[in-house]
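Heads up, the thing below is written out as structure tokens.
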Amino acid sequence: MAPNPPEMVQLDRSDYVFDEHGGRGTPATTFFKRLASYRDHRDQRDNSLTLLQDDEDENDTESKIRGSAFSHADALSETLRKERQSTQSPGAPESPKRDSPRPGLHFHRKKSYFDGDDDWDANVEHDLVMNESIAKSIEHRPHTGASPKPSLERQTSQLSNMSSASSKELYSHGSVGGVKDQVEDIIRDPASSLYSSSHNIRPEDAQTAAEVEELNSRLSRINKFKKILQATNVDLEQLRKLAWSGVPQELRPISWQLLLGYLPTNSDRRVTTLARKRQEYMDGVEQVFSSGLDQAMWHQISIDVPRTNPHIKLYGYPTTQRALERILYLWAIRHPASGYVQGINDLVTPFFQTFLSAYIDGDPETFDPGLLPKKVLDVVEADSYWCLTKLLDGIQDNYIHAQPGIHRQVAELRDLTQRIDGTLVKHLQHENVEFMQFSFRWMNCLLMREISVKNTIRMWDTYLAEGANGFSHFHVYVCAAFLVKWSSKLVHMEFQEIMMFLQALPTKNWTEKDMELLLSEAYMWQSLFKNASAHLR
1 MAPNPPEMVQ
11 LDRSDYVFDE
21 HGGRGTPATT
31 FFKRLASYRD
41 HRDQRDNSLT
51 LLQDDEDEND
61 TESKIRGSAF
71 SHADALSETL
81 RKERQSTQSP
91 GAPESPKRDS
101 PRPGLHFHRK
111 KSYFDGDDDW
121 DANVEHDLVM
131 NESIAKSIEH
141 RPHTGASPKP
151 SLERQTSQLS
161 NMSSASSKEL
171 YSHGSVGGVK
181 DQVEDIIRDP
191 ASSLYSSSHN
201 IRPEDAQTAA
211 EVEELNSRLS
221 RINKFKKILQ
231 ATNVDLEQLR
241 KLAWSGVPQE
251 LRPISWQLLL
261 GYLPTNSDRR
271 VTTLARKRQE
281 YMDGVEQVFS
291 SGLDQAMWHQ
301 ISIDVPRTNP
311 HIKLYGYPTT
321 QRALERILYL
331 WAIRHPASGY
341 VQGINDLVTP
351 FFQTFLSAYI
361 DGDPETFDPG
371 LLPKKVLDVV
381 EADSYWCLTK
391 LLDGIQDNYI
401 HAQPGIHRQV
411 AELRDLTQRI
421 DGTLVKHLQH
431 ENVEFMQFSF
441 RWMNCLLMRE
451 ISVKNTIRMW
461 DTYLAEGANG
471 FSHFHVYVCA
481 AFLVKWSSKL
491 VHMEFQEIMM
501 FLQALPTKNW
511 TEKDMELLLS
521 EAYMWQSLFK
531 NASAHLR
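In terms of UniProt numbering, the sequence shown has 246 at position 246, counting the first letter as 1, and numbering is strictly consecutive.
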């Protein structure tokens, strides 16, 4: 007999508690204020407790595009706003109507790239938000009347229109890193990067025997990748075997594009295929922005993009934000079964950051893409779009109506955790903690709200090496290993402590070694249970 599906949580205007007894009678306002305080002390990214919403949301006249970024605090904020409006005196001016609550624009706070905003105070800055949202919409809106259709140049930030010559002049001063010497060749054929003589190998940096050994190991690994990647026909099976344990940063862009099937394995077809796909993207952007905006969808994207990785400088730059907006909007328009769902904005960033690194020296997380020649930015944007599309094609049931893929993954996570650590599952049941309450976001955002972008990129090396099921099936094992890792702490916590802890996990200082340990544990569980008849049904 199949287990009962997780009980869905209902929201109303009364004080909210998780499930029947889960909140121990604590009012929602008190619970979430404590949650905010806990996050401040942990100095974590802006995370919101996320749950699926009832089907009644579809009939709400103010329904919104919701996903990982929506929390019960948003619902409480919206309820309070409605109550304030209903109690206004007849002579008072009516408050401007808003499409959805909007968190503060913390990316304007140039001195800090950490966003400590809490969702339930979102309506405080509505007036500031709407002005910017309208301005962005105008920026992307096509010309009317006899004017020609807008070019991609108009849709790109003015900073990205800087000429190649002036960009390189700036880079020559060494103030912000720089464009690689062979950038023209890499744009045409990513395999050109394989012939770089240095690959950031600096023998003078090795001062001890251990450092020399590590340097030699890195160089040997790069050469193994290059031997595969330089072949006329790339052996994907051999590439997967190597990539499972991590891809060298300088070889990651071409490796990812091959593993995703975006780049042809035959070297003779790469140049023409890339040129065609990039032009298709540019034509697609031109078309969708020339036919009028879906205002609800565009509004939600324009809200989410500034909130994407607010602690990283790269994602605070206008050029980056305009590029992400175009990518997300085109994808949503071309995939009407799901449209735009919050959380997809996170998934595009590893691609954007990785492909940007192919053309620059230095850390992409601190680089301003507005300083790039426009043609470089165009190919980074187009390649990011197509690779995001490839990824989402394999997990699109996570984002269609009712998100059945996420329901299935959460159920699988519970079953797997029961087999690995029954004591933990029993304790969570005793405290009335439902797996859906904390792991929905793990599936919706592929753990990107729990670990850094750099660690996510390392994790995706392995996911891509796993093949078609890496982001769906293997991800469940990773989530199980991730949850069980905290078991010794969780079993001594009560409901509120558990929820607070799982919403602000102490992974800020995790390194690549921590990720490799997590992936190894996930692989161990997969090896033990993958073919078990009673498992993951």
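Think of the CB as a built atom: it goes at the ideal place given N, C-alpha and C, for glycine as much as any other residue.
Being a predicted model, the structure only gives us computed values, none of them experimental.
Ile-360 is bridged by DSSP to Val-179. In this structure, Ala-382 keeps its C-beta atom at 7 angstroms or more from the C-beta atom of Tyr-317.
Unbroken alpha helix (DSSP H) stretches of 4 residues or longer found wholly inside the segment 416-495: 422-430, 435-444, 453-466, 473-485, 487-490, given in chain order.
Under DSSP, Asn-266 takes part in a beta bridge, and its partners are Asn-233.
For Asp-368, no alpha helix (DSSP H) encloses it, and the DSSP letter there is neither H nor E.
Taking every protein chain shown into account, the CB of Asn-216 has fewer than 16 other CB atoms within 10 angstroms, so this residue is exposed.
Gly-405 and Asn-444 have their C-alpha atoms roughly 9 angstroms apart.
CA-CA distance, Asn-432 to Val-491, rounds to 13 angstroms. With a beta-carbon spacing of about 6 angstroms, Glu-450 and Thr-507 fall inside the 8 angstroms limit used to define contacts.
Distance from the CA atom of Met-500 to the CA atom of Leu-356, rounded to whole angstroms, is 35 angstroms. Under the three-state reduction of DSSP output, Ala-402 falls in the coil class, being neither helix nor strand. By the criterion of a C-beta distance shorter than 6 angstroms, Gly-284 is surrounded in its chain by Leu-330, once the five residues flanking it on both sides are discounted.
A Cβ-Cβ contact shorter than 7 angstroms links Ser-384 with Phe-352. Taking Thr-423 as the centre and dropping the five residues before and after it, the same chain places the C-beta of Ser-487, Val-491 closer than 8 angstroms to its C-beta, in chain order. For Tyr-317, the three-state secondary structure derived from DSSP is coil.
Counted as a single uninterrupted DSSP element, the alpha helix (DSSP H) harbouring Lys-390 occupies residues 374-393. Inter-segment contact for the segment 383-403 and the segment 329-348 is present: three or more beta-carbon pairs are separated by less than 8 angstroms.
Sixteen is the threshold: when 16 or more other Cβ atoms of the shown chains lie within 10 Å of the Cβ of Glu-325, as they do, the residue is buried. Residue burial is scored here from C-beta neighbours: Val-212 has fewer than 16 other C-beta atoms within 10 angstroms and is therefore classed as exposed. Residue state for Ala-337 is assigned as coil, using DSSP reduced to three classes. Judged by pairs of C-beta atoms under 8 angstroms, the segment 295-315 touches the segment 365-375, as three or more such pairs exist. Rounded to whole angstroms, the separation of the alpha carbons of Ala-468 and Ser-290 is 35 angstroms.
Remark: fewer than three beta-carbon pairs, one from each stretch, lie closer than 8 angstroms, so the segment 341-348 and the segment 239-251 are not flagged as touching. Asp-189 and Asp-361 have their alpha carbons spaced roughly 18 angstroms apart. Distance from the Cα of Leu-528 is smallest, within the candidate group Ile-420, Lys-426, Lys-226, Pro-253, for Ile-420. Non-local beta-carbon contacts of Glu-512 in its own chain, meaning distances under 6 angstroms to residues more than five positions away in sequence, involve Arg-458 in chain order. Judged by DSSP secondary structure, Tyr-523 falls within the alpha helix (DSSP H) whose first and last residues are 512-529. Per DSSP, the continuous alpha helix (DSSP H) segment holding His-299 begins and ends at 295-304. Beyond the five residues adjoining it in sequence on each side, Ser-520 comes within less than 8 angstroms, by CB distance, of no other residue in the same chain. In chain order, Arg-414, Thr-417, Gln-418 place their CB closer than 8 angstroms to the CB of Val-425, counting only its own chain and leaving out the 5 sequence neighbours on each side. For Asp-346, the enclosing alpha helix (DSSP H) covers residues 344-347.
Taking 7 angstroms as the cut-off, the beta carbon of Ala-481 is found no closer than this to the beta carbon of Leu-446.
Rounded to the nearest whole angstrom, the CA to CA distance from Ile-228 to Gly-292 is 46 angstroms. The C-alpha of Lys-530 lies about 27 angstroms from the C-alpha of Leu-388.
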